[in-house]
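Enquirer: Numbering (the working numbering), first residue to last: 16 to 330. Beta carbons: idealized from backbone N, C-alpha and C, even for Gly.
#1: Beta-carbon within less than 8 Å of residue 317's beta-carbon, same chain only, minus the 5 sequence neighbours each way: which residues are those?
#2: Just to confirm my understanding: we take residue 312, look at its own chain, exclude 5 residues before and 5 after, and list those with CB closer than 8 Å. What are they?
#3: According to the neighbour-count rule (16 or more other Cβ atoms, all chains shown, within 10 Å of its Cβ), is residue 88 buried or exposed?
#4: Smallest Cα separation from residue 215: which of 205, 228, 203?
#5: When the Cα atoms are used, what is the spatial distance from residue 76 to residue 48?
#6: Output the distance between the C-alpha atoms of residue 193 and residue 242, rounded to the nearest integer angstrom.
#7: If you drop the 5 nearest sequence neighbours on each side, which residues of the same chain put their C-beta closer than 7 Å to that of residue 159?
#8: Of the residues 300, 256, 281, which one's Cα is nearest the Cα of residue 115?
#9: Let me know the secondary structure DSSP gives residue 154 once reduced to three states.
#10: Taking the C-alpha atoms as reference points, what is the distance between residue 109 and residue 287?
#11: Helix, strand or coil for residue 133, going by three-state DSSP, please let me know.
#12: Where does residue 103 fall in DSSP's three states?
#13: Between which two residues does the beta strand (DSSP E) carrying residue 55 extend?
#14: Taking C-alpha atoms, which residue in 246, 185, 182 lies nearest to residue 201?
#15: Beta strand (DSSP E) containing residue 202: first to last residue?
#16: Can you check the segment 191 to 232 for any alpha helix (DSSP H) of at least 4 residues that lies completely inside it and give the ranges in chain order?
#17: Could you check the C-alpha separation between residue 196 and residue 238 for me, to the nearest Å?
#18: With burial defined as no fewer than 16 other Cβ atoms inside 10 Å of the residue's Cβ, what is the status of residue 155: buried or exposed?
#19: Taking DSSP as the reference, what is the three-state secondary structure of residue 111?
#20: Using DSSP's beta-bridge definition, name the partner residues of residue 245.
#21: Can you tell me which of the three DSSP states residue 138 falls into?
#22: Taking all protein chains shown into account, decide if residue 100 is buried (16 or more other Cβ within 10 angstroms of its Cβ) or exposed.
#23: Quick check on residue 30: does DSSP put it in helix, strand or coil?
#24: Kindly indicate which three-state DSSP category residue 287 falls into: helix, strand or coil?
#25: Could you say which of 315, 199, 234, 138 lies nearest to residue 106 if we only look at CA atoms?
#26: Look at the alpha carbon of residue 173 and the alpha carbon of residue 166, and state the distance between them as a whole number of angstroms.
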């Protein structure tokens, strides 16, 4: 564990020791609800969005707690745990509402535009991730405990993050994640390591004056990666983190939704074309009517002239 990480952990533990870790009744209720929620719908990092979608009405209490929980007297660890859990629950609920969907990034503004009421504030998911967590506490470990609803994300534990266990839980997730061969892909023959694009997106948070990306990763690995190994980044897997037995159903459902959308567009296009044709016909009728009226006016004028001439000749 680096000096920076140790300091963060120590501050958290001291805060808990000083303030106690019972939390407010509202916060304790929230953690308990999140615990039940995740145990009900999450398993081995995957989420059963289809089943959750059928039970969304039963989750109104947890949404209300996210919206109304007061953090005025909360400790640092309580705030961290609250925002981590809120982020993860909101991602899962939003994806369940929109299921079937290929991934979160297929939803316009999923992370940076859609706003939720969180502890009395209207926040996007990005607001929570950066303003309330990573940047606020200068803690790059938090990138790996936030669920993004994707296969490429570290596996979501089927339990809530709790203030008195938070440091232990965060460290545990990083140890499990960085020792997975499908997350940190080491090639000893080529002296190369493939790592998640998370490290590229937030490179400035991992390559710092006091540590490098590899040093950060090695803090949690059983077998450290040599510092001279070349780093490369593999593509992030944004596919929805659903159980394998739901994959084919989700793909089929997405195709069906796409087909319906295409049919809808086709119908709307036909309606527009029919309307345009109707307008063109009406325009033509109007033009023909105007031409007839002009001809009639000209004939009347000509007739009047003839009558006038005849009258003059008679005189």
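Expert: To lay it out plainly:
#1: Closer than 8 Å at the Cβ level, and outside the excluded window around residue 317, lies no residue.
#2: There are no such residues.
#3: It is exposed - the Cβ of residue 88 has fewer than 16 other Cβ atoms within 10 Å.
#4: Closest by alpha carbon: 228.
#5: Using only the alpha carbons, I get a separation of about 8 Å.
#6: Cα-Cα distance, rounded: 16 Å.
#7: Result list for residue 159: 169, 188, 189, 192, in chain order.
#8: Residue 115 has its Cα closest to that of 256, out of 300, 256, 281.
#9: Coil, per DSSP.
#10: The alpha-carbon atoms of residue 109 and residue 287 are separated by roughly 33 Å.
#11: DSSP, reduced to helix, strand and coil, places residue 133 within a strand of the structure shown.
#12: Taken through DSSP and simplified to helix, strand or coil, residue 103 comes out as helix.
#13: Residue 55 -> not in any beta strand (DSSP E); alpha helix (DSSP H) instead, spanning 40 to 56.
#14: Ranking the options by Cα distance to residue 201, first place goes to 246.
#15: Looking at the DSSP string, the run of the beta strand (DSSP E) that includes residue 202 is 200 to 202.
#16: Whole alpha helix (DSSP H) segments, 4+ residues: 213 to 216, 218 to 221.
#17: Taking the Cα positions, residue 196 is about 11 Å away from residue 238.
#18: Around the beta carbon of residue 155, 16 or more other beta carbons sit within 10 angstroms, so the residue counts as buried.
#19: Correct three-state label for residue 111: helix.
#20: In the DSSP output, where bridge partners are listed per residue, residue 245 has 207.
#21: DSSP places residue 138 in strand when its eight states are reduced to three.
#22: Here residue 100 is buried. Its C-beta has 16 or more other C-beta atoms within 10 Å.
#23: Caution is warranted here: a pLDDT of 42 is assigned to residue 30, below 50, making its placement in the model unreliable, and no coordinate value can be reported.
#24: If DSSP states are grouped into helix, strand and coil, residue 287 belongs with the helices.
#25: Comparing Cα-Cα distances from residue 106 to each of 315, 199, 234, 138, the minimum goes to 138.
#26: Here the C-alpha atom of residue 173 lies approximately 15 Å from the C-alpha atom of residue 166.
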